[in-house]
Every structure is written in C-alpha cells, then in structure tokens.
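Following: one structure in structure tokens, then a few remarks.
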Amino acid sequence: MQTMDYFEFLDQERALIIKEPRCPQPWINYLSNGRMHAFVSQAGGGFAWWKSATVYRLTRYRQHLAPMDGPGFYIYLREEDGTVWSPSWRPAETELDKWKAIHRPGISSFEATYNGLHAQLDLWVAPDHDALLWELKLSNPSNRSRKLDAFAYVELSQMQWTDEFNWGYYIKYMLRTDYDEATRSVRYLFHHQSHPNISEVPLVYFAGSEVDTWCGSREDFLGSYGSESCPKAISKGNLNNRGISCGEPAAALHRQLCLETGQSHSLRFALGVEPGALLEPERCKQAIDGLLPTLLSKEGFDEQRERCEKWWTTHLEKLSCSLPEPELQRMIETWSPVNTVTTARFSRSVNATAPGIRGIGFRDTCQDMIAIAYRRPDWALDKLRSLLTEQHADGRANHTSYPIEKSPSNESLHSDNHLWLPMLAHAIAVETGDPGFLEETASFYTNKESATIWEHLMRALRFTESHLGSHNIPLTLRSDWNDIIGKFSKAGRGESLFASFQYVYVLRQMLALAQWSGRNDDADTIREWLHKQTTALDACAWDGGWWRRGFDDNGAPVGSRSSPFGKIFLNPQSWAVLARVGSREQQEAGMAAAAEHLLTDAGLKILSPGFKTWPEESNPFSGYGPGTGENGAIFCHANTWTIMAEALLGHADTAWEYFRRLVPENVIHRFGVNTYGADPHAWLSNIVGPENTRFGWGNVVHITGTAAWMDIVATQYLLGIRSELTGLRIDPQIPTHWTGFTVRRQVRGHWIHLKAKRSGHQRLQLNGHIMDPSQSIPWQRLAAENEIVAEM
Ligand code: IFM
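First residue of the sequence shown: 5, per my numbering; consecutive thereafter.
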C-alpha cells in the first residue's frame, strides 16, 4: 500500500484522516480535560484513566501484550442476519464498505458504511465533567428499513497497575458492578482498601441515553474463550442484566433499534467518575444521579463538545502561519502544539506502548513547560511551583516524582535536572514580563525549608558550582540529559561537557534575569561563575575538529577522534552554539562536523560510530544495540537543538532542512508506513539509525521532549518571533527557495502580524517605522495590533 492510502491531512479542519485501520501500530489521539484522560487509536483501541494511570486506571489496555491495541471503546452493531460490525473496524473486524478514522485536537471520530447503513462514532472528554463521551450517530439512507442491536462495551480495570498485576487474582473479590435503572448506568465500585488515597477512589459509571439490557461482567460478555471480535453475548442479541460482586469487571450497554428508510438516530454514552466512592458513597451516588440526565441529553453533549472545541481553538489560535510547504505548516500550527499539551499532561509516561507508571520526569517536565510558556505562561508557572517542591535545599532536584500518587520521588543524582529550572523560569519571565513570581516562596523537597523562587534558582546554580570535576567541568553524576552517559562516570569522577554548555546557557539567562529584576549582587556572582566555566570550556572542550562530549572517570575525553566508538556526539556541537562558547570558526566547524559524520537523510544521529554491545563488549556503553536509542539512533530530541543552532548561526536553509527531514509525514514518505510504523501527526523520540537492520523504525511517539523543542524551535527560531526580557526579537529564517512567509502570533496581549520577505537586505519595520533589525523591539513600542515587516 502507498503512504497516501493510509492517511491524509485536512488542514482547514485540523484533522488527520486515517483511511486504513490496519496501521503498523496504533496511531493514537489523546482526549483529556486535564483530569479525565483517554487515548484512542485509529482502530478503536483505547485506554481511559483518571488523574494518574498508575493508580486510577479505569479501563484495561494491553500496552505490551498481543494482540495489540485493545481493549478499547467498543461499539458492536448486530444486524438482523447476525452480522456484527464496528464503526471503528475493530473489534468486530468486519470488512466495511467505507471507513475512515479522524483524529482532531481533543476529538476522534470513526465513520463507516456497511451494507447501506452509515455509522459515526465521536469520542471526546467533557471539559466540565470527568467523563469520556461517546456519540453514536446511525443513519439509514438505504431503501429498506433496518433492525439492529447496538452494543457499547468497555473492560474495566482494578485501578492500581502494580496491585492488579501482582494481586489481581485476589483483589477481584473486592469489586462490584451493578445497574442504576433511573440513570441507565452500570456502576463500578472497586473497594480494595490499599489505595494510596482512599478518599478519592471514584465510583465509575458507564451510562447510555437509551438502554434495553446491560451486563457488568467480562466473562459473561465475552464468554468462555470468547474474543473481543466476537463476544458470546452479542450473538444472543441481548445482555443478561447481571452485575458481579467478584470477577472481571466490564460495562456493556445494549439498545435495539429500527431505522426506517432515510431515518437517523443517535445514542449517547458516558464513561465517567465521581470521587469519594468509599468514604462518601451516598454523596457520590447522588452527584452521578444528578449529573447524568443533563449530561446525556443532546444539549448536554452538544455543549460539552462545543466547549472542548473552544478550548483547543483558543489554545491553537495563538499562533498561525502561512508557509510554502503545507507539511511544515500543519506541524507548526496544529500538531506540535497538540503534542506539547500531551507532554505537559503526561510527561514521558503513557502511550500505546508505555503503561503510564513512571511518574513525572523532572528534566522532562521542565522542558515540556518551556514550550507551554509561550501560549500559557499561567500553566507553566503552576507547574514550576510544583516542580520546585522536588528541589532539595542544596539545589539539586529529584529525577522523577509522583505528585498524584504521592509515592516517594526518585532522588538519583544527575548533573542536569536542576539546571532546567532556571530555563523554565526564564521562559515564564520573557512571556509575562512580570518579575513578581521570582519573589514567591516555595518549600524545598523535605519541607524543612522554603525560599523565594529566585533563591531556588540560585541554589540550582550553586549545586553545579559545587560539583565540578578536575577540569572544572560539571560532574556527570548519574547522567546529564542523556540517560546513558553515566556509563563514563561510574566512579563519580566523569565530567559532562553537555552539562557545562547547559550551565553556561543557564548562567547567561540567570544573569539577564538578575539584571532585569535588579539583583546586582547576584549578577556579579553569576558573572564570575560564567567566566570560570567558559574559561574551563576553552581549556578542554575542543577536540581539534569538533566539541568533545566529556571526560570519563580517568580523565580521558569522550567523543574524541581518539575514541574507537562514539567519536563525535551531536549535542556538544549544537549546545556550544546555544551557549555562545568558543569562536565563530569553532562553532561553524562543530556544526559542519555534525553534518559530515552524523547526518542521514532522515536526520542526525546522536553519535557515531555506535558502541558495540553484548556479547562483543563485556562492559558496553549501554545495552542498546548500535543504531538504537542513545547508542546512535537519529535522536529527534537532540536534532531540535541542532536546528536551533543552525538558525542562530543564520543558516536558514540548513535549519529548515533539518526540521523538514524530521517532520513525521516526510519520514514516512522516506521509509514507508510499515518501516517507520509510528503516527504521522506526532513527534517521536528517535528513529533507529542506519547501523541497525531496522533503520527507519520510529520509537517513543508522542511522549518525548522532541515535541516541546520542535515547537519552540519552529516558532521562535525558524519563524523567528522570540520574546526576550526587554523586547521582542524578530529573526525569521527564510530559506533561499522561499520568497517569504507570514506569521500571526499573540504575545503579552499584543497581536503580531509578521511578513517575512527575502529581499537580499536586512530591514525591519514596525507599524511603518524603520527599526534596527539587530535589536529586539522594545515591548513599549508594541501596540495591540502590530504589522511587522522583516526582510532578509
Ligand atoms: O533526556 C532523556 C529523557 O529524560 C528520557 N528519555 C531519553 C532522553 C535522552 O536520554
């Protein structure tokens, strides 16, 4: 099959249309209101959880077991002759006459026609209620009346992932499903008392606008050795109206319908929760009883859909652009910002292959929120406040945390985690222009001490300053941004040049913040640290042709011509530019070396050559085979900084080209749907590199730092509208084969209408006034609406 047989984009509707359900892996869409969450695949597989996928798993999903992509949010339509089909193709898997799935921001739809009958299923999460809404619209344009039975089905879960894995065979006695006639809803109570937050354990409901029969048991629904594609209960045409007080919970609702010629009919279902099922059962029940009649009405559904669409429109409309290449434009305008909302909500934890139990990554969430800051500084600030409580009084930060589950944080010591905090604070400051938040007080991790946010940031610097190695470069500790790099510092003496570049970058931002907010003493201290660190870098970071990656425990360079493997790493080349370290010649040479040694036609490898692993090497760099993950994959997250560096160097063609190569749609065209495998509308962490036989396979989709940085890089460094503390930087990069582009962006309450033109002259105009193109436009010069023309 050709790529275009699988999918296309409909940009006016911000839609991905999937035309073939049998994708190589689930292509998913996240549906969420920030508390109630779900994802659904193109084939109807999906997973729902409330607040945390570790402790409030509402449904089951086989993240790593075959057959993949199930269970899900299933509709079965049983015809009079016994044929069963599903609008999402799965689970029934009956061949349909017409079919498509549509992922839009926050809403997924399935449209199918079978034997003259048309069905559309829409799924989204109600913004105002913690419920996943399902709207099934059936219409009969054929010339005969159609009798059918419609079934909606979900398999329920025992809430806590590890308990269910370990103890599911016992704790299946601690649950109940029953039916509430008045609200036509199956109610599910899981009353195992081991939950970390007993007071919040929810009552789950699955309700229908019209219901004839119901069932609360997976065993009864599927039958012994029954399958999801062909449940035994469906063959009977109705359900047994039985709940359970032990066993495998599920919720199924059934309605018999007769559609005359030309008639349409809608059924509405809601899978939702109300907290407090164990401690306040009566209040909990009453809340659901009170909600369902309104929620399940047509007006209730229409209102919640409109509000869901409005949320997304408001979020996405803050930046739009018109570019000569639609593949790039749709990624920048729609799918990158959709992806950054996903990572802001779920960090690196949950997708179709990740079960959602690894908590919040500190470095990860800091980066995710830097991208959110330019659209929603309020959200970024809230997250900053919560991240600060994971910082220790000595300045370091925990590696992962579990703010909802309240499990102990992972305190392992890394060289970078705390350094992302000032970067997030800086991003908030430039977008709000208000230094007030730096004065807010936040407690440190152990709760014994609190300090202003500014002091938190200073302590982050002090931690690095007091953990320098023999070259005066930050100790790598367990790792820097690269999870695997700690291999070179097992004895604790290894040093990270990545952390050093990052430290310099952060010191520059902190110096600007200190000056801007009138902290002159701290500015002096930071200046000293900056001098010391750049001097250290000058003395040891350059390898002759490119920047080194660090030093191992014995002081030997890592990422050097003298190394047999991993001679050159990508990150130091780009971060030297970002940190403004070394001479222009060195920066250019480092980037050229990256292109020469690391570039593939799908992007740049993280290092080359890949390290050997077992069994050839008894003590390898990592267990990853060459060309995979941090051992030589095309690491998209690391590519983002390369694009940023090329843009800062003014290499518009290269910067856009590196971006273009990684746009998922383009990678799919390069390798084919089946080799790449991953979703066409979301960024991923890495693509297996050419040293591996699976070259081209895309991995860790949606939940990756690539999303945040691609969003930042594209909007702020390629389109080139960048907030600075004292003004708005206009620095568009226009590739030579484009005449220009336009951008519309909201920033600090101003609307910017930028026309970027290639003219061969550097000129900048603001509302008809000539400005200095090398300087940012002072904030006070901006009006509510601004016409900016930038020529290059
Ligand atoms: O920076 C890390 C991230 O925290 C998790 N996955 C991979 C990245 C690079 O190692």
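Cβ atoms here follow ideal geometry from the backbone N, Cα and C, with glycine treated the same way.
Following a CB-centred definition, is Asn-144 positioned closer than 7 Å to any heavy atom of the ligand IFM? no
What does a CB cutoff of less than 6 Å around Ser-809 pick up in its chain, not counting 5 residues either side in sequence? Only positions 5 to 796 of the chain appear in the structure, and residue 809 is not among them; the question remains open.
Under the three-state reduction of DSSP, which class applies to Leu-385: helix, strand or coil? helix
Going by DSSP in three states, Asn-104 sits in which element: helix, strand or coil? Residue identity check: residue 104 is Lys in the sequence provided, not Asn. Note: Lys-104 maps to strand in three-state DSSP.
In chain order, what are the residue ranges of uninterrupted beta strand (DSSP E) at least 3 long that sit wholly in the segment 141–169? 150–163
Leu-472 versus Asp-542 - alpha carbon distance: 15 Å
Near the ligand MN: His-418 beta-carbon under 7 Å from a heavy atom: The model on display carries the ligand IFM but not the ligand MN.
Cα separation between Thr-743 and Gln-737? 11 Å
Is Asp-368 close to the ligand IFM? I mean its beta-carbon at under 7 Å from any heavy atom of the ligand. yes
For Glu-139 and Asn-355, what's the separation of their Cα atoms in angstroms? 24 Å
Can you give me the C-alpha to C-alpha distance between Asp-85 and Ser-326, rounded to a whole angstrom? 52 Å
Is the beta carbon of Asn-402 within less than 7 Å of some heavy atom of the ligand IFM? no
Assign Glu-650 to one of three DSSP states: helix, strand, or coil. helix
Assuming Thr-317 is part of the alpha helix (DSSP H), what are its boundary residues? Annotation: the continuous alpha helix (DSSP H) that includes Thr-317 extends over 302–320.
Using C-beta distances below 6 Å, list every residue in its chain close to Leu-786, excluding the 5 sequence neighbours before and after it, in chain order. His-754
Out of curiosity, what's the CA-to-CA distance linking Leu-770 and Glu-337? Roughly 24 Å separates the two Cα atoms.
Does DSSP put Met-796 in a helix, in a strand, or in coil? coil
So what does DSSP say about Trp-89, is it helix, strand or coil? Strand, per DSSP.
Which whole-angstrom value is the C-beta distance of Ala-516 and Leu-768, which I expect to be below 8 Å? Rounded, the Cβ-Cβ distance is 22 Å, inconsistent with contact.
Same chain, Cβ closer than 8 Å to Ala-597, neighbours up to 5 away in sequence not counted: Gly-549, Trp-550, Ile-572, Gln-577
Alpha carbon to alpha carbon, how far is Leu-570 from Trp-618? Correcting the residue type first, residue 570 is Gly in the shown sequence and not Leu. Using only the alpha carbons, I get a separation of about 16 Å.
For Leu-611, the three-state DSSP class (helix, strand or coil): Residue state for Leu-611 is assigned as strand, using DSSP reduced to three classes.
How long is the line joining the alpha carbons of Ala-712 and Gly-498, rounded to whole angstroms? 29 Å
If you reduce the DSSP assignment to three classes, tell me which class His-68 lands in. coil
Would you kindly check if the distance between the Cβ of Leu-501 and the Cβ of Ala-560 is under 8 Å? No, they are not a contact pair.
For a minimum of 4 consecutive residues, which ranges assigned as the alpha helix (DSSP H) are wholly contained in the segment 170–237? 222–226
Near the ligand IFM: Asp-372 beta-carbon under 7 Å from a heavy atom: no
Kindly confirm or deny that the segment 681–697 and the segment 311–322 touch, where touching means at least three C-beta pairs closer than 8 Å. no
Coarse secondary structure for Ile-707, derived from DSSP in three states: coil
Cα-Cα separation between Ser-411 and Leu-283, rounded to whole angstroms: Between the alpha carbons of Ser-411 and Leu-283 lies a gap of roughly 22 Å.
Taking the alpha carbon of Ala-57 as the point to measure from, which residue in Arg-148, Gly-594, Arg-362, Thr-347 has its own alpha carbon closest? Arg-362
Cβ of His-641 versus every heavy atom of the ligand IFM: is any distance shorter than 7 Å? Under cutoff, so the answer is yes.
So, does the CB of Ile-691 fall closer than 8 Å to a CB anywhere in chain C? Among the protein chains of the structure shown there is no chain C, as only one such chain exists.
Do the segment 284–295 and the segment 227–246 meet, that is, are 3 or more Cβ pairs less than 8 Å apart? no
Out of curiosity, what's the CA-to-CA distance linking Ala-254 and Asp-224? 9 Å
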